[in-house]
Amino acid sequence: MDGSTFETPIAAASDAAAPAFDLNVIIAIFRRRLRLFAAVALAIFVAVVLFTLQETPRYSTSAQVMIDVRQEQVTPDMNAVLSGLPADSAVVDTEVEVLRSRSLAGRVVDQLKLDQDPYYNPSLAGAKGVKAWFPFLKKTVAPAAANDPVVAQRLRERIVDRVLSGLSVRRAGVTYLITVQYTHEDPAQAARLANAFADLYLTEQLEAKFEATKQANSWLDTRVADLRGQLQQAEADVQQYKIANNLLSAQGATLTEQEISGLNQQLATARAEQAETDARLNIARNQLARGSNGEDLGETMSSPVIQQLRKQRAEKSAQVNSMAERYDERWPDLIKARRELSDIDAQIQAEIKRIISNLEAQAQISRQRTGSVAGSVGTARGTLAGNNRAGIRLAELERKAESVRTLYESLLGRFKQTTAQQGIEQPDARVLSRATIPSKPSEPKPSINLILGLVAALGAGGAAVVLAEILMAGLFTEDEVERRLGVPYLGSVPLLSSTLDDARAARGLAPPDYLLNKPLSSFAESLRKLRAAILFSKVGETVKVIAVTSSLPGEGKTTTTFSLGRTLAASGANVVVVDCDLRQGAINRFLPTAPTVGLIEVLNGAATLDEALYADESGARVLPLTKSAYTPRDVFGSAAFQRLLAELRQRFDVVLLDTAPLLAIADTRILAPHADAVVMLARWKRTPVKAITSALSLLQGRGVFLAGVALTQMDLKAQSRYGYGDAGYYYKSYRKYYAD
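Numbering (our numbering), first residue to last: 1 to 740.
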């Protein structure tokens, strides 16, 4: 085994072979904690029985409310102010919480006047009742306390809490049914309260709709009046802006647009007339330029004056020709006729010139008219551009007025709807069945209470056992030693009284003395087993020097060491027991007389080893400590002690060193490396595992060989009942082999 650790093949194999779950271990633990289990279970069960017997009978009854997903269309195409509940699972769950609400419970209190019922209002029972419900009050309750708003509010809250304590609201599966159950000592009161909750729930729905419609009507009335004024102001702003910016219109167009339309028509007509007059003038000028005398002009040919003159000329020309044929050229009438003909031609030419001049005048007038109309069109277009720029603001004012008009008309229509709808609201639920007065109490149920009490008792007892095992600090069995410490288990030294049928037989008799008197007893056999486990703990090597130690005082270390020495001596071994506990010197109580010399005197040279050794009646030798043996010097690390230990090795077969507790004194840590094996003792069921592991950690890394751990002061009778996994569990089976 490596001296730096305490893991051994025995412990490793034990850990590897240990089952994850062993029913026998559970049974052993249960047997070990049977008294605790029975005490806790009995206390819980008795408490449940007493509670059941003194509990006042209570009656339960229920009403059913159904969320109605069908809506009555009394007024078609008319939306309600407060819409109905949707057919949604979350909504139904919400309505369940509404039924459980404190506000609804408060309305039930007010309607049924439960604040005047002593069952709900403890103040009616007098000062004692108020003080019981309100511990924050002083020793006495003054009459004026009832008028204190804080006390009154707290009293009402307590009444509401009391009312809600008997209420149970639950949804029936995934349906739209809600069960309102109430429990009370009075069956009639239970039915009354269940129906009150259901009725007030429907009433609250109606009141919510009435209030919502009322508030909507009030708001709509005010809002419609405001919008009416806003609409009038917006329309007035539009008209004033049109007047100010000359945006007056008729037949869908502004006056400027209508004016431009007329001017455009006039301009087109003027331009057509101008083109016509210019064409007629140009044609006349072209004909005159080609040598025409103007008689072939269209205007002259159509002129009645010229036509008349031409008729006259034709007549006069015929007259001249006739006279020229008959008379001489100097004939006066001929000359006169020719002069008249010339005058007619002159008149024709003058008329032609007048016509051409008239054409020129008409053309000039047409051009002037066209220019005038075009100028008017340009002026009108400029005005229209200004009007268009002003129209942007006008469009904004008109849109504003239109939006106000739309909102006004919408709210006005909605106001008419809500006004017509007021008074025809319907609740979203209905009472499907009302609560009836129960004939049998629902609480308490003795059979159920007893079953639950039994289950609770068994559970509490089991929990107590588990908690006790978790909080258990000590070790019970071989399995626990090897599993929790990881070191070999050497054996156990029983409590002497537990090995006897009559504990009085061992009264006044020390265990080492009983060992000599009863060599075939179970106590003696346990020490022989311990001796064998120690001597054969180091495979292939001889164990001569054995240091026996413990983590704490009072674990039976000295008694076990001395008894082990007597056992070794009885087996024929030459053994010496050395008392190495400088502070206590406990082995002296097993000696017939107080020693005068001992270990310290031998180390100091004041006495020889033979002078200090005491012979025990078993044949063992004892090297004790005197009363003045304590010295502050390092005894066990000195060369003198090394020489003494070497001499003891030569003279004796086995050297037992009774050392001090590891956690208390540092001497054992110095002494342990000089021993062939170290035996750790732990008191059965008492020594904390943490103390043992802490003690073992002090020996690590010092080249110490730990033979294992042995349990001392074991109660074999108790171990035989619940020590499963340990040899003591089968003590009753092999007890007949011992002569106790």
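Don't be surprised by glycine CBs; every beta carbon is placed ideally from N, CA and C.
Whole-angstrom distance between residue j and residue i, CA atom to CA atom
i: S628; j: D513; result: 27 Å
i: G173; j: T179; result: 11 Å
i: T175; j: L99; result: 16 Å
i: D676; j: G565; result: 16 Å
i: N195; j: L458; result: 41 Å
i: A463; j: I27; result: 15 Å
i: R107; j: D186; result: 21 Å
i: A374; j: I344; result: 44 Å
i: V238; j: F210; result: 41 Å
i: F705; j: H674; result: 10 Å
i: A395; j: S366; result: 41 Å
i: V678; j: L454; result: 51 Å
i: I587; j: A607; result: 19 Å
i: Q307; j: D278; result: 24 Å
i: A216; j: L206; result: 15 Å
i: R170; j: L227; result: 48 Å
i: G747; j: L53; result: Because the chain here runs from 1 to 740, residue 747 falls outside it and cannot be looked at.
i: N358; j: M323; result: 38 Å
i: C580; j: R702; result: 19 Å
i: F134; j: S551; result: Bear in mind that a pLDDT of 48 at F134, under 50, signals an unreliable position, so the number given afterwards is only what the model happens to contain. Their Cα atoms are separated by approximately 56 Å.
i: I355; j: L309; result: 14 Å
i: E360; j: A289; result: 15 Å
i: A682; j: R583; result: 20 Å
i: E482; j: Y489; result: 6 Å
i: T5; j: A43; result: Note on T5: pLDDT 44, under 50, position unreliable in the model; the coordinate value appears next. When rounded, the distance between both Cα atoms is 48 Å.
i: T499; j: F562; result: 19 Å
i: G129; j: D715; result: Model confidence at G129 stands at a pLDDT of 48, short of 50, so the residue's coordinates are unreliable; what they give is reported in the following sentence. Their backbone Cα atoms lie some 57 Å apart in a straight line.
i: K336; j: E351; result: 22 Å
i: T567; j: L515; result: 8 Å
i: K445; j: K557; result: 59 Å
i: G619; j: A570; result: 7 Å
i: L341; j: A284; result: 25 Å
i: K538; j: R686; result: 28 Å
Rounded distance between the beta-carbons of residue j and residue i, thought under 8 Å
i: A363; j: L267; result: About 17 Å separates the two Cβ atoms, so there is no contact after all.
i: L530; j: V576; result: That belief does not hold up - the Cβ atoms of L530 and V576 are roughly 18 Å apart, past 8 Å.
i: L231; j: R369; result: Between R369 and L231 the Cβ distance is about 49 Å, and since that is not below 8 Å, they are no contact.
i: E617; j: V597; result: Going by Cβ atoms, the distance from E617 to V597 rounds to 20 Å, so no, they are not a contact pair.
i: R223; j: L411; result: 6 Å
i: V543; j: L535; result: 5 Å
i: L663; j: S697; result: Wrong, their Cβ atoms sit about 10 Å apart, outside the cutoff.
Proximity of residue i and residue j at Cβ, strictly below 9 Å
i: L527; j: T560; result: yes
i: G491; j: A524; result: no
i: A461; j: L36; result: The identity of residue 461 in the sequence shown is Gly, whereas the question assumes Ala. Yes.
i: P624; j: L599; result: yes
i: L193; j: G166; result: yes
i: A640; j: L603; result: yes
i: A190; j: T61; result: yes
i: G263; j: V377; result: The identity of residue 263 in the sequence shown is Leu, whereas the question assumes Gly. Yes, they are a contact pair.
i: Y182; j: A429; result: no
i: L164; j: V65; result: no
i: V689; j: R33; result: no
Nearest candidate by alpha-carbon position, reference residue i, set the options
i: R778; options: G619, Q111, A666 and L657; result: This structure leaves residue 778 out entirely; the chain is present only between 1 and 740.
i: K717; options: S497, K400 and A606; result: S497
i: S439; options: V150, D479, Q319 and H184; result: H184
i: V487; options: V109, S342 and M680; result: M680
i: E204; options: A646, G701 and L104; result: L104
i: Q713; options: L263, V539, E555 and L485; result: E555
i: K416; options: Y614, K214 and V578; result: K214
i: D115; options: V150, W684, R158 and A350; result: R158
i: R621; options: L591, L495 and R58; result: L591
i: R381; options: D479, S261 and T56; result: S261
i: Y614; options: T593, G605 and E601; result: T593
i: F51; options: L452, A510 and R393; result: L452
Terminal residues of the alpha helix (DSSP H) in which residue i lies
i: R310; result: P304 to R326
i: I437; result: That residue, I437, is in no alpha helix (DSSP H); it is neither H nor E in DSSP.
i: I670; result: D667 to L671
i: S571; result: S571 -> no alpha helix (DSSP H), and no H or E assigned at all.
i: P511; result: P511 to N517
i: A612; result: L609 to A612
i: L698; result: V689 to L699
Extent of the continuous beta strand (DSSP E) run through residue i
i: D579; result: V575 to D579
i: T179; result: L177 to H184
i: G491; result: Y489 to P494
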